[in-house]
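Taking numbering that gives the first Met the number 0, the leading residue of the sequence shown gets 0, the next gets one more, and so forth.
Glycine included, each C-beta is placed from N, C-alpha and C at the ideal position.
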Amino acid sequence: MKKFLLILGLAITLISCGSSRSVSKNKNVIGNSSNSKEVVRPNKAQKIVGFAKTFEGTRYKFGGTTKRGMDCSGLIYTSFKNEDILLPRVSRDMAKQGKRISLRDVAEGDLLFFQTSKTHRNINHVGLVVESRRGILKFIHSTTSRGVIISSLDENYWNNAFVEARRIM
């Protein structure tokens, strides 16, 4: 039974917060740059993003919410909680919060949701938008292979796994 639980835990870890294998240097253009809107968000979004960035480089740990280790939903949960905004602890439950928005309307502080498992059709990864300017979309998240990093939606892995964007605030 212990071996089964260990294998099950490992399998969940590997599919819960997927990682990027390659990094593209191309800029992601969300819609036509002449039609893109620069959205100014309240100071609270900047504080959430700033706090999340303090975890950059933190190793991945399933269920983690501290500098000793963090998973993708733990990063988001902790960053919002720091500003007294309580979210569910699991990414698929976070994806039911707030309001669904179009990529062209995404701004700093919004959440991006992904489906990284080929065998399960559920949202299992989340990232926090840290930059949305002139069609460039960058987000901070925790990957199993590299820990907390900033990625771009133009990376093929993340672009293909993208499901939806949501605004919490």
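For Arg165, the uninterrupted beta strand (DSSP E) segment begins and ends at Phe161 to Arg166. Taken atom to atom, the span from the alpha-carbon of His119 to that of Asp92 is near 15 angstroms. Exposed is the label assigned to Gly49, since fewer than 16 other Cβ atoms lie within 10 Å of its Cβ. Contact between Ser131 and Leu74 does not hold, since their C-beta atoms are separated by about 18 angstroms, which reaches or exceeds 8 angstroms. In this chain, Phe54 is not harboured by any beta strand (DSSP E), its DSSP state being neither H nor E. Annotation: Lys43 to Lys80 spans about 12 angstroms, alpha carbon to alpha carbon. Here DSSP, grouped into helix, strand and coil, assigns Ser144 to coil. The DSSP-derived three-state label of Ser72 is helix.
Contact between Asp109 and Ala164 holds: their C-beta atoms lie close to 6 angstroms from each other, under 8 angstroms.
Counting along the chain, Ser90 sits inside no beta strand (DSSP E); it lies in the alpha helix (DSSP H) bounded by residues Ser90 to Met93.
Comparing alpha carbon positions, the residue from Asp70, Gly62 and Phe61 closest to Glu55 is Asp70.
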